[in-house]
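Data block below; observations after.
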Amino acid sequence: MGSRRDGGYVSAYLVRPVTRQLVANVLVVAGGGGGSWYGGGGAGGYRTGTAIIIPTTITVTIGAGGVGAVYSSIVATNGGDSAISGVGMATITSTGGGRGAANSGVGSNLGAGTGGSGGGGSGANVGFTSGGAGNTPSTSPSQGNNGGAGSSDNTTFTKGGGGGGAGAVGQTAPATTLAGAAGAGGIGSLYNSVYYAGGGGGYNDNATAGAAAGGSGGGGAGGLTTVGGTAGTANRGGGGGGGATTTGTNDSGAGGSGVVIIDAGQVASSTTGSPTLSGTVYTFTGSGTITF
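Residue numbers (this note's numbering): 8 to 299.
This is how it looks when you write it as structure tokens:
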């Protein structure tokens with residue numbers, strides 16, 4: 008409190024401290040969804056922009072990749088959410104990618120998961136061919152895209168849809184012939200010259216048609232007859248590739264874990280969780296904290 012004298016009168020006034028704020032550039036990518044029996048996993052939600060930070064301790068949460076399906080024992084799961092939060096700042100959350108749809112195995116008749124990006128649809132069973140919805144819950148700008156639909160003639164071929172990616176929807180599997188790959192995963196988005204959050208490719212049971220590619224940004228490739236789906240890349244938030252087998256040798260790929268990148272233009276006073284530091288850019292590949 009201060010005071011001053013005016014014409015013999017003394018008046019008092021409060022001196023309020025100025026709260027220092029930092030403007031940080033941030034990237035928050037969630038874990039990708041697991042591939043399933045036939046659908047590819049959707050990419051983890053992708054959110055980037057600026058965050059207003061009142062110097063304090065910020066909590067960083069990194070979402071795990073979803074589990075890839077194993078025919079006889081394991082059901083595919085969505086990826087985990089990633090987030091940054093702290094006192095005096097708006098929490099930024101990216102939602103985990105949706106699992107791929109399944110038409111057989113322990114997760115039979117399981118619809119494609121919704122999430123940051125949606126999982127790809129199954130190749131058979133009419134009610135489960137649709138891809139899952141992306142950008143769920145809705146954010147602006149959008150954190151992801153829908154998964155593609157699967158297809159089958161229920162006689163000669165079955166193909167899964169690709170999981171959605173941050174930059175594009177998952178591709179729908181060709182519906183008319185044996186020729187052609189299953190649905191490819193949607194491409195991711197580019198941040199500091201690196202792609203993140205690509206969707207997983209769908210499974211194809213036609214060996215001569217070729218495997219479905221995962222989307223740029225860590226999406227896993229879809230399986231092909233005797234070859235299992237590929238896992239999404241760790242710390243890129245890619246969806247896992249779809250797979251299919253009755254023997255456990257051609258399983259689906261797991262989703263890739265998420266990542267958080269923070270650049271406040273200055274070095275932090277302390278961190279936990281062992282982020283890497285390049286200049287003033289902190290990259291978290293595991294959960295932790297950062298204090299400015």
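Glycine included, C-beta positions come from ideal geometry on N, C-alpha and C.
Inter-residue CB distance, residue i and residue j (contact presumed, cutoff 8 angstroms)
{"i": "G138", "j": "G177", "result": "6 angstroms"}
{"i": "A50", "j": "G247", "result": "Incorrect: roughly 10 angstroms between the Cβ atoms, too far for contact."}
{"i": "A271", "j": "L29", "result": "5 angstroms"}
Cβ pair residue i, residue j closer than 9 angstroms
{"i": "A269", "j": "A31", "result": "The sequence as given places Ile at residue 269; Ala does not occur at that position. Contact flag set, yes."}
{"i": "I69", "j": "S294", "result": "yes"}
{"i": "G5", "j": "G170", "result": "In the structure as shown, the chain begins at 8 and stops at 299. Residue 5 is therefore absent and cannot be evaluated."}
{"i": "G52", "j": "A261", "result": "no"}
{"i": "G123", "j": "G105", "result": "yes"}
{"i": "G103", "j": "G38", "result": "yes"}
{"i": "I297", "j": "T278", "result": "yes"}
{"i": "V267", "j": "T290", "result": "yes"}
{"i": "G41", "j": "G86", "result": "yes"}
{"i": "G265", "j": "G222", "result": "no"}
{"i": "Y202", "j": "G224", "result": "yes"}
{"i": "S259", "j": "G75", "result": "yes"}
{"i": "Y45", "j": "N110", "result": "yes"}
Of the listed residues the options, nearest to residue i (C-alpha basis)
{"i": "G263", "options": "S89, S277 and G118", "result": "S89"}
{"i": "S158", "options": "G130, Q150, G174 and F135", "result": "G130"}
{"i": "G174", "options": "A204, G230 and S80", "result": "A204"}
{"i": "Y198", "options": "R27, G120 and V35", "result": "V35"}
{"i": "P57", "options": "G118, G221, P148 and N257", "result": "Correcting the residue identity first, residue 57 is Thr in this sequence and not Pro. Nearest option by C-alpha distance: P148."}
{"i": "F164", "options": "F299, N142, G245 and A180", "result": "A180"}
{"i": "D212", "options": "V266, G250 and G128", "result": "G250"}
{"i": "G128", "options": "V201, F299, T233 and G207", "result": "G207"}
{"i": "G236", "options": "N142, V77 and S276", "result": "V77"}
{"i": "T98", "options": "G226, G120 and T66", "result": "T66"}
{"i": "G155", "options": "D258, G245, G167 and G226", "result": "G167"}
{"i": "S200", "options": "D160, Y210 and R243", "result": "R243"}
{"i": "V234", "options": "G245, G226 and N257", "result": "N257"}
{"i": "T136", "options": "S276, F299, G245 and Y210", "result": "Y210"}
{"i": "G172", "options": "A214, V288, G245 and W44", "result": "G245"}
{"i": "V33", "options": "A109, I91, G46 and T64", "result": "I91"}
{"i": "T162", "options": "A182, G226, S145 and P144", "result": "A182"}
Contacts around residue i, its chain only, beta-carbon distance under 7 angstroms, and the 5 residues preceding and following it disregarded
{"i": "A186", "result": "Caution is warranted here: a pLDDT of 46 is assigned to A186, below 50, making its placement in the model unreliable, and the coordinate value is therefore given only provisionally. Excluding sequence neighbours, A186 sits near A216."}
{"i": "D13", "result": "A caution first: D13 carries a pLDDT of 49, below 50, which makes its placement in the model unreliable, though a value can still be read off. Correct list: empty, nothing qualifies."}
{"i": "T292", "result": "I69, N242 and V266"}
{"i": "V274", "result": "T287"}
{"i": "T146", "result": "R54"}
Residue range of the beta strand (DSSP E) that includes residue i
{"i": "T287", "result": "No beta strand (DSSP E) contains T287, which DSSP labels as neither H nor E."}
{"i": "A58", "result": "Y53 to I60"}
{"i": "L68", "result": "According to the sequence displayed, residue 68 carries Thr and not Leu. Looking at the DSSP string, the run of the beta strand (DSSP E) that includes T68 is T64 to T68."}
{"i": "T296", "result": "G295 to T298"}
{"i": "D212", "result": "Premise fails: D212 is in no beta strand (DSSP E) and is neither H nor E."}
{"i": "Y203", "result": "V201 to Y203"}
{"i": "L197", "result": "S196 to Y198"}
{"i": "N85", "result": "No beta strand (DSSP E) holds N85; DSSP gives it neither H nor E."}
{"i": "A31", "result": "L29 to V36"}
{"i": "S101", "result": "I99 to S101"}
{"i": "V267", "result": "V266 to D270"}
{"i": "V277", "result": "The amino acid at residue 277 is misidentified as Val; the sequence shows Ser. Looking at the DSSP string, the run of the beta strand (DSSP E) that includes S277 is S277 to T279."}
Chain-order list of residues whose beta-carbon lies under 6 angstroms from that of residue i (same chain, five-residue window excluded)
{"i": "Q150", "result": "G52, Y53, R54, S101, G123 and N142"}
{"i": "A220", "result": "A191, G208 and A228"}
{"i": "G286", "result": "none"}
{"i": "I60", "result": "L29, A31 and M96"}
{"i": "G120", "result": "G40, N85, G105, R106, G126 and G139"}
{"i": "A71", "result": "G38, G87 and S264"}
{"i": "A218", "result": "A228, G229 and L231"}
8 angstroms Cβ shell around residue i - same chain, five flanking residues per side excluded
{"i": "R27", "result": "I61 and P62"}
{"i": "S276", "result": "T298 and F299"}
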